[in-house]
Amino acid sequence: MESPKQAQAIVGQMENYPFMVLGMPRPIRSRPARPEMFEDRPRKPGQRIVCRWVGPEDPDFEVAKKLKNLAKKHEAEAFVVLE
2 MESPKQAQAI
12 VGQMENYPFM
22 VLGMPRPIRS
32 RPARPEMFED
42 RPRKPGQRIV
52 CRWVGPEDPD
62 FEVAKKLKNL
72 AKKHEAEAFV
82 VLE
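Take 2 as the starting number for the sequence shown in my numbering and just add one per residue.
Below you can see the structure in the form of structure tokens.
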């Protein structure tokens, strides 16, 4: 937002008018952003992101395979909806 006043106006509109999805009102909540909502702070010490390949002998292989297939299914559904 350009200013705090504009942000307050948008939050007020979100509270007073229904959010429409496919012609149906959906319940939503809006609130002003706070600094702790953003990840531009320094990383907490001792936390690392580790990526690795999961082999077929790994206990998490089936879980990863299901998640991969689910992501492909969601992509196909989104493609059909957007056409």
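Beta carbons are placed, not taken as given, at the ideal position from N, Cα and C, and that holds for glycine.
As the structure is a computational prediction, the values presented were derived from the model and not from experiment.
A straight-line Cα-Cα distance of about 32 angstroms links residue 46 and residue 31. Per DSSP, residue 43 is not a residue of any beta strand (DSSP E), being assigned neither H nor E.
Each of 34, 54, 56 was checked against the Cα of residue 4, and the nearest Cα belongs to 34. Ranking 16, 49, 38, 65 by CA distance to the CA of residue 28 puts 16 first.
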